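Residue numbers (full-length UniProt numbering): 1 to 220.
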């Protein structure tokens, strides 16, 4: 009888040890998964930032007529320069590295334009109000991630305004009482000054976040 009790006790100790070891191993796996996720987020952010820098001088034109599916880059460039001169009423000679149609189901397909000089790209953006009623439009060549940001920011903007805060959306961020807030992977607003810290540190303790009371509304 005593021997049986001793055997049971030993087996219980062994099982308890195994459970403790499994618990420790599980915790290690959770920590590794969290670290891997954070590393992936950092890489995604760096990749997106690099792509955004590469697109800095780009604009996308919609509504430029396409008569031939075999249209060359030179032909696209001529059409863009003509549209800028005639529709945007910009007399300055545009310096364009290249211009070509994008793959799209829409017709005519949009044209992405790579301007040599950033200031010329900005002058085109400032004049795009002249395109009203022409059937032609122009927009920034944002990355896929950045294009989703306004939709995610809209509920925050609505709630902030409902709370009486002076909030304004500037495409990829919100200005709240003069301070810039970006959106993070948790769909929360964080001060722009904290963004780099969140990417560099494993803990987000001490960061100020602004969370909307309700994510159901949208307002631009």
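Built from N, CA and C at the ideal position, the CB exists for glycine as well.
None of these values were measured; they are calculated from a predicted model.
Between residue 112 and residue 58, the CB-CB gap stays under 7 Å. Under the criterion of beta carbons closer than 8 Å, residue 180 and residue 118 do not qualify as touching, at roughly 21 Å.
By the neighbour-count definition (other C-beta atoms within 10 Å, threshold 16), residue 110 is a buried residue. If you draw a 10 Å sphere on the C-beta of residue 39, you find fewer than 16 other C-beta atoms in it, and that means exposed.
Where residue 187 is concerned, there is no enclosing alpha helix (DSSP H), because DSSP gives it neither an H nor an E. Counting C-beta atoms within 10 angstroms of its own C-beta, residue 88 has 16 or more neighbours from the protein chains shown and is therefore classed as buried. Taken in chain order, the complete beta strand (DSSP E) segments of 3 residues or longer contained in the segment 19-69 are 58-62.
Judged by beta-carbon spacing, residue 156 lies within the 7 Å limit of residue 189, meaning their Cβ atoms are closer than that value. The segment 92-110 makes contact with the segment 69-77; the number of CB pairs closer than 8 Å reaches 3 or more.
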